[in-house]
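Down below is the structure, laid out as structure tokens.
Residue numbers (this note's numbering), protein chains in the order written: chain H, 31 to 147; chain P, 34 to 146.
Spelled out as structure tokens, the structure:
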């Protein structure tokens, strides 16, 4: 079946531009996660949604980062006024589990590689 | 923060078993051990998880020591396609504080022809 998809796969932005990264989770998955992965590092948690509710945004590095999932399916990660340190791969994952429940495995998309010049 | 320690890199001959160790000396009773891997330019892929009993699936086996302070992921017959970074993660199985995983830097496994 269809997995998690992300678009675009590659994005080059000039410093100061705004970018929007899209994630299409597996159909029916309740939970959705965003991670940031710098070169040579493991993924680092950014934010978590259960359906349309953003239950945890403790990993967002600054108020320039904003995520939404208005209808509980597709999610968008927006970065305003991009900086060079925002260059990374942004990964989206979905899971069938919900809050206060079993932690099932997460299914990851291929990621969006953002390069800020 | 990651609660696990893994060697940064390992090599394994093709066709041989790959044994990837992980130390998690501060693991608590409710925390499971999860393994993911990440092949170059792809998102992480779930492999296996366990609590205290050894586990096996079509991809790998997970051996957890009796004191649960360490574990080993075993790929029984490594192939070139198993070359990847392997992450060992400990996490509460039941959680009401969010479902994020802490990946750390993992072990880069290279399978040699």
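We put the CB at the ideal spot given by N, CA and C, even for glycine.
Please read all numbers here as calculations on a predicted model, not as lab measurements.
Would you mind sorting residue i into buried or exposed? The rule is 16 or more other CB atoms within 10 Å of its CB.
| i | result |
| --- | --- |
| residue 93(P) | buried |
| residue 44(P) | exposed |
| residue 100(H) | exposed |
| residue 33(H) | exposed |
| residue 114(H) | exposed |
| residue 89(P) | exposed |
| residue 65(H) | buried |
| residue 42(H) | exposed |
| residue 4(P) | Residue 4(P) lies beyond the stretch modelled for chain P, which goes from 34 to 146, so this question has no answer here. |
| residue 130(H) | Summary for residue 130(H): the model assigns pLDDT 47, below 50, so the residue's position carries little reliability; its value from the coordinates is reported in the next sentence. The residue is exposed, with fewer than 16 neighbouring Cβ atoms inside 10 Å. |
| residue 73(H) | buried |
| residue 124(H) | buried |
| residue 90(H) | buried |
| residue 139(P) | buried |
With respect to the beta strand (DSSP E) encompassing residue i, which residues constitute its N-terminal and C-terminal limits?
| i | result |
| --- | --- |
| residue 125(P) | 117-125 |
| residue 63(P) | That residue, residue 63(P), is in no beta strand (DSSP E); it is neither H nor E in DSSP. |
| residue 43(P) | 42-46 |
| residue 58(P) | Here residue 58(P) belongs to no beta strand (DSSP E), and DSSP marks it neither H nor E. |
| residue 83(P) | 78-83 |
| residue 49(P) | Premise fails: residue 49(P) is in no beta strand (DSSP E) and is neither H nor E. |
| residue 118(H) | 118-125 |
| residue 67(H) | 61-67 |
| residue 104(P) | 103-108 |
| residue 146(H) | 142-146 |
| residue 40(H) | 40-43 |
| residue 144(P) | 140-145 |
| residue 49(H) | 49-54 |
Considering only residues of the same chain and omitting the five flanking positions on each side of residue i, which have a CB-CB separation below 6 Å?
| i | result |
| --- | --- |
| residue 154(P) | With chain P running from 34 to 146 in the structure shown, residue 154(P) is simply not present. |
| residue 61(P) | none |
| residue 46(H) | 111 |
| residue 68(H) | 118 |
| residue 109(P) | 50 |
| residue 40(H) | 143 |
| residue 141(P) | 42 and 118 |
| residue 145(H) | 42 and 117 |
| residue 86(H) | 78 |
| residue 84(P) | 65 |
Residues in its own chain within less than 7 Å of residue i by CB, not counting five upstream and five downstream?
| i | result |
| --- | --- |
| residue 35(H) | 54 and 139 |
| residue 46(P) | 145 |
| residue 102(H) | 81 and 82 |
| residue 52(P) | 105 and 107 |
| residue 125(P) | 63 and 64 |
| residue 52(H) | 36, 37, 104 and 106 |
For residue i, which residues in the same chain have their Cβ closer than 8 Å to its Cβ, ignoring the five residues on either side in sequence?
| i | result |
| --- | --- |
| residue 127(H) | 60, 61, 133 and 134 |
| residue 84(H) | 77, 78, 97, 98 and 99 |
| residue 82(P) | 65, 66, 67, 68, 88 and 95 |
| residue 123(P) | 36, 37, 57, 60, 64, 65, 66 and 67 |
| residue 102(P) | 56, 57, 58 and 60 |
Mind pulling the beta strand (DSSP E) runs of 3 or more residues that sit fully within the segment 77-110 of chain H?
-> Whole beta strand (DSSP E) segments, 3+ residues: 83-86, 95-98 and 105-109.
Cβ contact check for the segment 103-120 of chain P and the segment 67-78 of chain P: 3 or more pairs under 8 Å = Output reads yes: the segment 67-78 of chain P touches the segment 103-120 of chain P.
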